[in-house]
Amino acid sequence: MVIPSRQCEAQLKTSQNLGKYFILNEGFSCALPPSDSDLCKVDFGSAVACQREDGRYELAGVNSWDIACPTKQSLPSVFATSDAQWITTVLSTPTPVLQAEEKNYQQTLSQGESIDGVDTEDKPGFSQGYGK
Numbered sequence: 001m002v003i004p005s006r007q008c009e010a011q012l013k014t015s016q017n018l019g020k021y022f023i024l025n026e027g028f029s030c031a032l033p034p035s036d037s038d039l040c041k042v043d044f045g046s047a048v049a050c051q052r053e054d055g056r057y058e059l060a061g062v063n064s065w066d067i068a069c070p071t072k073q074s075l076p077s078v079f080a081t082s083d084a085q086w087i088t089t090v091l092s093t094p095t096p097v098l099q100a101e102e103k104n105y106q107q108t109l110s111q112g113e114s115i116d117g118v119d120t121e122d123k124p125g126f127s128q129g130y131g132k
């Protein structure tokens, strides 16, 4: 179950690991397990999916981190929501469009042009081929 960010932050502040000054980054959301199952037994990087009212599942994010496997205190697991948006966008893009974008990107790299407005020729390391 996804919980509101403020509730998540408040719960995580109670942990000894993070403490009262912890601030949850806005790119993250939190979830509590729906039953006695334990979210911390899930691999980091795996999908966090939530069941919708119609019974179908929707990608909510990508499992990012937690505060160990709690014993007495049920603390939420944290997941990245921005990754879910990117994954959804890529999955909804037709394959020919993705292939064309990749081809253009590879051509840009091979020509030594700037990448996303970054001058790769005058930066330390780039002139030796690092990062290309």
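Each residue of the sequence shown is one higher than the one before, starting from 1 at the first, in full-length UniProt numbering.
Glycine included, every Cβ here is placed at the ideal spot set by N, Cα and C.
Q) For the putative contact between LEU32 and MET1, defined by C-beta atoms under 8 Å, what is the C-beta separation to the nearest angstrom? A) 5 Å
(Q) Among the candidates GLN11, SER82 and LEU12, whose CA atom is the shortest distance from the CA of VAL48? (A) SER82
Q.
I'd like to know whether the C-beta atoms of SER29 and GLY61 end up nearer to each other than 7 Å.
A. yes
Q: Look up ASN104 in the DSSP assignment and say whether it is helix, strand or coil.
A: helix
Q.
Since PHE44 and SER64 should fall inside the 8 Å C-beta cutoff, what is the C-beta to C-beta distance between them, to a whole number of angstroms?
A. 6 Å
Q | Length of the line joining the Cα atoms of residue 166 and GLN106 | A | Here the chain covers residues 1 to 132 and nothing more, so residue 166 does not appear.
Q. Looking at the unbroken beta strand (DSSP E) that takes in SER77, where does it start and where does it end?
A. 77 to 80
Q. When you compare only the Cα positions, how much space is there between ARG52 and ALA84?
A. 16 Å
Q. Would GLN11 pass as a contact of LEU59 if the rule is Cβ separation under 7 Å?
A. no
(Q) Report the CB separation of ILE67 from LEU18 in whole angstroms; it is logged as a contact under 8 Å. (A) Confirmed, about 7 Å.
Q.
For CYS50, count the other beta carbons within 10 Å of its own beta carbon; 16 or more makes it buried, fewer makes it exposed. Which is it?
A. exposed
Q | Where residue 144 sits in the DSSP three-state scheme | A | Because the chain here runs from 1 to 132, residue 144 falls outside it and cannot be looked at.
Q: Could you please give the first and the last residue of the uninterrupted beta strand (DSSP E) stretch that includes SER64?
A: 57 to 65
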